[in-house]
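See structure below.
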Amino acid sequence: MCGIAGRILEESGPIGRDLVELMDAQVHRGADSTGFALYGSPLESGYIVRAVGFERSRLDSDLEDFKSIIRSQGCDFAVDPVADDAESRHVSVRMVVSEISDLPKWTRAVDEISSRIEVQSVGRSLEIIKDVGTAADVADKHGVRDYCGTHGLGHARLATESSVVPTASHPFWARPFPDVAIVHNGQITNYFLLRNRLERQGYRFMTANDSELIAVWISDRMRQGQGKPEALRKSIDEIDGVFTYLIADRDSIGFAKDKWAIKPLVVMGDEREIAVATEEQAVRRIYLEEGDVVNFDGPAITHTWPILDAREAA
Amino acid sequence: MSEVEILAGARPIREVNEAIRSAVARGDDVVVKDTRSRHNLAIGLGAGARVRLEGSVGYYCGGLNCGARVEIQRNAGWAVGEAMSDGEIVVNGYAGMSAGTSMLGGLLHIRGDAGPRCGVAMKGGDIIVEGKIGYLSGFMAHAGRIVALGGAGDACADSLWGGEVWLGASPKSLGVDTREIEPSADEVSSVEALLESRGLRRPEVDWRKIVSAQRLWHFQSRDAQAWLMI
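One line per chain: the protein sequences are S and D, in this order.
First residue of the first sequence: 283, per the numbering used here; consecutive thereafter.
First residue of the second sequence: 18, per the numbering used here; consecutive thereafter.
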């Protein structure tokens with residue numbers, strides 16, 4: 283059992299605060315770890331990189347090595363990296379880097395030192411913040427409530443398939459597709475088969491978590507020219523298990539739900555802003571008043587909600 | 018006897034349920050306000066209790082009911098009335114997944130639609146749904162009656178062990194090991210009487226009664242392929 287959530291605002295606003303509320307209301311669904319995929323104002327050039335360093339005391343030298351690797355790729359820090367000031371052995375780092383000409387190649391290069399610094403998201407807009415503990419723990423440690431943006435995802439994890447460590451938490455970045463993230467509630471049973479196929483094509487997975495597959499699987503379909511709605515529908519036939527997942531990028535949040543109709547999803551809102559979560563009581567933290575609720579309770583459903591900001595900018 | 022208002026809001030649910038129990042013990046009727054779709058409200062109440070929840074509720078509302086009358090003004094989440102043995106629960110809106118799971122007796126009356134697996138593992142009592150029942154409703158029920166005026170989704174009454182599903186409109190599809198039979202005049206009268214007791218008159222309905230085909234009563238693993246539904 284895990285809890286997931288998504289939020290879209292009409293324009294840039296307190297997305298962090300809302301997602302922390304949505305996840306705090308679902309803390310009983312899993313408190314092993316909590317994570318957020320946050321979409322702020324996109325950079326015109328360059329990328330935001332979120333990473334975790336595994337040894338705080340060694341962070342400076344690890345970042346030096348990281349810097350020389352990205353320099354070898356014709357990229358550099360645009361500003362100095364910022365690390366959290368907690369006391370945990372692992373440390374979260376936010377970097378802003380200059381333009382990356384070949385992101386798959388850049389990602390392969392930085393992954394050479396992924397046992398010391400693991401990149402958790404790369405995007406013009408996306409930032410993935412995840413750590414062990416409850417929504418309140420993670421929000422306090424990483425200042426998630428102060429984050430402004432247009433949309434985002436949240437996840438509360440009850441670990442079933444892999445270890446309780448910050449890196450095996452959700453959301454997962456669709457390595458190496460910029461700005462794509464997923465959160466998943468359920469268990470995928472054929473993930474190792476699908477993952478092997480993707481690994482043979484050169485994709486790299488960082489954890490033994492079944493959910494990490496989904497974002498890459500969908501993005502690979504889209505790379506081959508499939509539209510997102512079609513890729514979401516196809517995932518119901520090909521990904522086996524019980525699942526409801528949310529997938530976000532700069533343009534939309536979409537979801538797919540398996541044919542067994544086990545994992546719920548509830549949405550409230552209108553055409554301009556929505557809150558979506560595993561449990562209705564979570565979206566009621568955002569919408570205190572009674573209103574129309576859509577329960578996606580049936581089997582084999584997909585849907586995509588556009589991000590207004592992105593649509594208007596296009 | 019008077020009517021007592023209890024606010025749910027952000028209070029701990031145990032505290033809200035204790036307040037409901039104290040009011041019920043005094044013989045008061047209870048109105049719960051500001052329900053915010055929260056879980057586990059009005060659980061395990063006995064005969065004589067009358068609780069009205071003003072708004073939508075979350076999971077397991079009215080669960081383990083053993084005689085109370087519980088009314089939900091709007092929608093209910095998962096498993097409303099789970100394992101109830103007696104009493105009456107009314108949902109005026111939509112009832113989420115697994116409404117009436119494992120219920121043993123009493124009446125669950127849903128005025129809107131019900132989600133997937135309505136009446137799953139039911140062991141007695143009646144469920145009336147004025148709308149439609151969802152995917153896999155009646156799954157592995159052992160006894161009791163589900164009466165759905167608006168028909169049913171896919172795999173209706175799948176793997177029904179015993180009990181009956183009555184449909185006032187066509188299901189999208191029937192589940193495995195089901196049999197549709199012509200109900201007798203007495204049986205139809207009994208269902209009509211149940212509906213009339215709820216103020217529902219449906220003399221024009223051409224009832225479809227679904228029961229177990231009883232082949233799964235003697236499951237053989239060599240036949241497993243025949244039971245795969247997807």
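Backbone N, C-alpha and C fix where the C-beta goes; we use that ideal spot for every residue, glycine too.
Remember, it's a predicted structure, so these values are computed and weren't measured experimentally.
{"Asked": "Opening and closing residue of the beta strand (DSSP E) in which P363 (chain S) lies", "Found": "359-365"}
{"Asked": "Helix, strand or coil at D240 (chain D) according to DSSP, with G and I counted as helix", "Found": "helix"}
{"Asked": "Where the segment 521-547 of chain S meets chain D: residues whose CB sits under 7 angstroms from a CB there", "Found": "K541, A543, P546"}
{"Asked": "Per-residue burial, E562 (chain S) [other beta carbons within 10 Å of its own, 16 or more giving buried]", "Found": "buried"}
{"Asked": "Limits of the unbroken alpha helix (DSSP H) element including N57 (chain D)", "Found": "Here N57 (chain D) belongs to no alpha helix (DSSP H), and DSSP marks it neither H nor E."}
{"Asked": "N- and C-terminal bounds of the beta strand (DSSP E) containing L528 (chain S)", "Found": "523-530"}
{"Asked": "Chain S contacts made by the segment 104-116 of chain D, where a contact means CB separation under 8 angstroms", "Found": "Y111, G113, M114"}
{"Asked": "7 angstroms Cβ shell around G356 (chain S) - same chain, five flanking residues per side excluded", "Found": "S383"}
{"Asked": "Cβ of G151 (chain D) within 8 angstroms of any chain S Cβ", "Found": "yes"}
{"Asked": "Spatial distance of R401 (chain S) from V392 (chain S) (CA atoms)", "Found": "The sequence shown places Val at residue 401 (chain S), not Arg. Cα to Cα, V401 (chain S) sits roughly 8 angstroms from V392 (chain S)."}
{"Asked": "Beta-carbon proximity list for L233 (chain D), same chain, < 8 angstroms, skipping 5 on both sides", "Found": "S176, W178, V193, D194, W244"}
{"Asked": "Distance cut-off 7 angstroms: I535 (chain S) Cβ against heavy atoms of the ligand COA", "Found": "Among the components modelled here there is no ligand, and therefore nothing to report on the ligand COA."}
{"Asked": "Environment of R43 (chain D) [buried if 16+ CB atoms lie within 10 Å]", "Found": "exposed"}
{"Asked": "Unbroken beta strand (DSSP E) run spanning E20 (chain D), endpoints", "Found": "20-24"}
{"Asked": "Any chain D beta carbon closer than 8 angstroms to E572 (chain S)", "Found": "yes"}
{"Asked": "Within 8 angstroms, strictly: CB atoms of G580 (chain S) and G151 (chain D)", "Found": "yes"}
{"Asked": "CA-to-CA distance, C83 (chain D) to F474 (chain S), given in whole angstroms", "Found": "47 angstroms"}
{"Asked": "Contact list for I561 (chain S) against chain D, beta-carbon separation under 7 angstroms", "Found": "At residue 561 (chain S) the sequence reads Glu, which differs from the Ile that was named. By Cβ distance, chain D contributes G75."}
{"Asked": "Under 8 angstroms between C-beta atoms of T560 (chain S) and G298 (chain S)", "Found": "no"}
{"Asked": "Any chain S beta carbon closer than 8 angstroms to H56 (chain D)", "Found": "yes"}
{"Asked": "Residues of its chain near A417 (chain S), where Cβ-Cβ distance is below 7 angstroms and the 5 sequence neighbours each way are ignored", "Found": "V302, M305, D306, V309, T316, A438"}
{"Asked": "C-beta contact flag for G306 (chain D) and A158 (chain D) at 8 angstroms", "Found": "This structure leaves residue 306 (chain D) out entirely; chain D is present only between 18 and 247."}
{"Asked": "Coarse secondary structure for A596 (chain S), derived from DSSP in three states", "Found": "Confidence at A596 (chain S) is low in this model, with a pLDDT of 49, below 50, so the placement of that residue is unreliable and no value is reported for it."}
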